[in-house]
Amino acid sequence: MKKLFKGCMTAIVAVIALGIIISLVSGGGDDTASTSTSTEDTTASEQTNSESEAETEEAVENAKIGEAATIDDIAFTVNEARSTQEIDDPDGNEFIEPVTTTEQFIVIDASIKNGKQEAITMDSNFFRLLTDDGTTYEPKNDGDLIMVVPTEKMLFLEEINPGLTREGLVVFEVPAGVAMESLTLEVDAGFFGTKSVQIDLQQ
1 MKKLFKGCMT AIVAVIALGI IISLVSGGGD DTASTSTSTE DTTASEQTNS
51 ESEAETEEAV ENAKIGEAAT IDDIAFTVNE ARSTQEIDDP DGNEFIEPVT
101 TTEQFIVIDA SIKNGKQEAI TMDSNFFRLL TDDGTTYEPK NDGDLIMVVP
151 TEKMLFLEEI NPGLTREGLV VFEVPAGVAM ESLTLEVDAG FFGTKSVQID
201 LQQ
């Protein structure tokens, strides 16, 4: 009788132990599944936020003539853009020949305001014109042009102190068939060109 009782007790203990083991294994699986689900939810949330930020950046429109485009605390404004085949000396000096082209000059009158806490250096080579098909036009900086651009509007390694605004002329020579309204002015905020703004030349 005692042997039978011991056998029953052993069986009961074994069943209880087996139940505990199964419970522990099942609980661990739930924790793993929960952790996996949490990680997937976090990843999905991060992807959604990244996509939202990308859409916001893509939605930003270029500035237009008369509007300030600001980056890195430097504000660029195109005051005027015009197309011409001849650039005269502004003082009417008869000894200075006008600069001419059989194509066209795009003359940009731009203002640069330094909103930083230290001086910045600006140069006409920070400017370029872009077309929709990816063509890039660089500024014209030859000696003849320098003669007809007012000294106070030349952008040649020009230092601008904090809080000051500098106005300058930038000239591009482009094919006669290029419509000025189709061009976009791109300006770098510094020598390395890592930050830039774009301004559409639509009147």
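Residue numbers are given in the UniProt record's numbering: position 85 of the sequence shown equals residue 85, and the series is strictly consecutive. Ideal Cβ placement from N, Cα and C applies to all residues, glycine included.
Given residue 166 as reference, the closest of 135, 115, 95 and 104 once Cα atoms are compared: 115
>> If distances are taken between C-alpha atoms only, which option among 198, 174 and 135 comes closest to residue 76?
In response: 198
Original post:
Among the residues of its own chain, which have a CB less than 6 Å from the CB of residue 113, if the five just before and after it don't count?
Top reply: 75 and 165
Would you mind working out which of 104, 73, 147 and 133 sits nearest residue 98, comparing C-alpha positions? 147
Need the endpoints of the alpha helix (DSSP H) that residue 146 sits in, please.
143-148
Q) Out of 190, 136, 194 and 201, which has the shortest C-alpha to C-alpha gap to residue 121? A) 190
Just the C-alpha distance for residue 181 and residue 169, rounded to the nearest angstrom, thanks.
18 Å
Closer than 8 Å is the cut-off here; do at least three beta carbon pairs connect the region 170-180 with the region 117-131?
yes
Would you say residue 123 and residue 155 are within 8 Å of each other, going by their C-beta atoms? yes
Problem set entry | Counted within 10 angstroms of its Cβ, other Cβ atoms place residue 186 as buried (16 or more) or exposed | buried
Simplified DSSP assignment, three categories, for residue 151: helix
To the nearest angstrom, how far is it from the Cα of residue 157 to the Cα of residue 133? 30 Å
- Task: Could you name the residues that DSSP lists as bridge partners for residue 77?
- Result: 68 and 111
Contact defined as beta carbons within less than 8 Å: I believe residue 119 pairs with residue 78. What is the distance between those atoms, to the nearest angstrom? Contact doesn't hold; Cβ gap of about 23 Å is too wide.
Checklist entry - Hey, how far is the Cα of residue 196 from the Cα of residue 143? => result 28 Å
With a 10 Å radius around its C-beta and 16 neighbouring C-beta atoms as the bar for buried, classify residue 90 as buried or exposed.
-> exposed
Taking the Cβ atom as the reference point for each residue, do residue 104 and residue 84 lie within a distance shorter than 8 Å? yes
Looking at C-alpha atoms only, which residue of 125, 94 and 63 is the closest neighbour of residue 192? 125
- request: Return yes when the Cβ of residue 87 is within less than 8 Å of the Cβ of residue 201, no when it is not.
  value: no
- Please go through the same chain and pick out, in chain order, the residues whose beta-carbon is closer than 6 Å to the beta-carbon of residue 188, but skip the five residues on each side of it. 126 and 196
- prompt: What is the DSSP secondary structure of residue 181, counted as helix, strand or coil?
  reply: helix
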